[in-house]
Amino acid sequence: METNETKAATVDQLPCSDDVLLKLESQLCFSLYAAQLTFGKLYRRLLKELELTYPQYLVMLVLWDRGSQSVSQLGEALLLSSATLTPLLKRMEKAGWLIRQRSQQDERQVDIVLTDAGKQLKSRAANVPKAALCASDMSPEALLSLKQSLDHLRHDLEAALASPERMSQD
């Protein structure tokens, strides 16, 4: 396992100066941010005919895959708070994709259930991930490797946030 001392030594051995490290084009976070913005534009175009926003599409992906979910389960899966999800789910209910109903097991909990229209939307949405992947010139293997690397990076960053001493260079 790599220690903070090992990581600090590795950071100190980077083949560039602090001036280079502090350039915008040197920032991994900016590359991720710029890619996310571009993905957002791409998905807006792909989802337009489905009349879904990207966050709504993510909700539908979870519901198609896992079936009915509580608001808290959806929030956990999508890394969104209930305060963020509630207006989103209300708009989706108004559009006829889902219904929000009190849980029979716990009246304090709201369950999200797909309507028939929401279930039928799945077949129309099947082309969205294919089109998004085809928009890149990367091979399927390279895209899978990138996704795995990003998942690993996210896990490491979450662990660092949970243990601030991991971010120290001392």
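Per our numbering: the sequence shown = residues 566 to 735.
Cβ atoms here follow ideal geometry from the backbone N, Cα and C, with glycine treated the same way.
For clarity, every value in this text was computed on a predicted model and none was experimentally measured.
Alpha carbon of residue i to alpha carbon of residue j, nearest angstrom
| i | j | result |
| --- | --- | --- |
| Y619 | S733 | 36 angstroms |
| D681 | G661 | 9 angstroms |
| A573 | R731 | The predicted model places A573 with a pLDDT of 49, which falls under 50 and marks its position as unreliable; any figure quoted below should be read in that light. Cα-Cα distance, rounded: 10 angstroms. |
| K588 | L718 | 21 angstroms |
| Q666 | L679 | 11 angstroms |
Pick from the options that is closest to residue i, judged by C-alpha positions
| i | options | result |
| --- | --- | --- |
| Q674 | Q634, V585 and Q592 | Q634 |
| Q601 | A724, L715, A727 and L726 | L715 |
Proximity below 9 angstroms, CB of residue i to CB of residue j
| i | j | result |
| --- | --- | --- |
| L611 | N692 | yes |
| V624 | L644 | no |
| L698 | L615 | no |
| C581 | S596 | no |
| Q621 | L653 | yes |
| L628 | I677 | yes |
| M703 | G683 | no |
Identity of the residues DSSP links to residue i by a beta bridge
| i | result |
| --- | --- |
| Q634 | I677 |
| Q666 | D676 |
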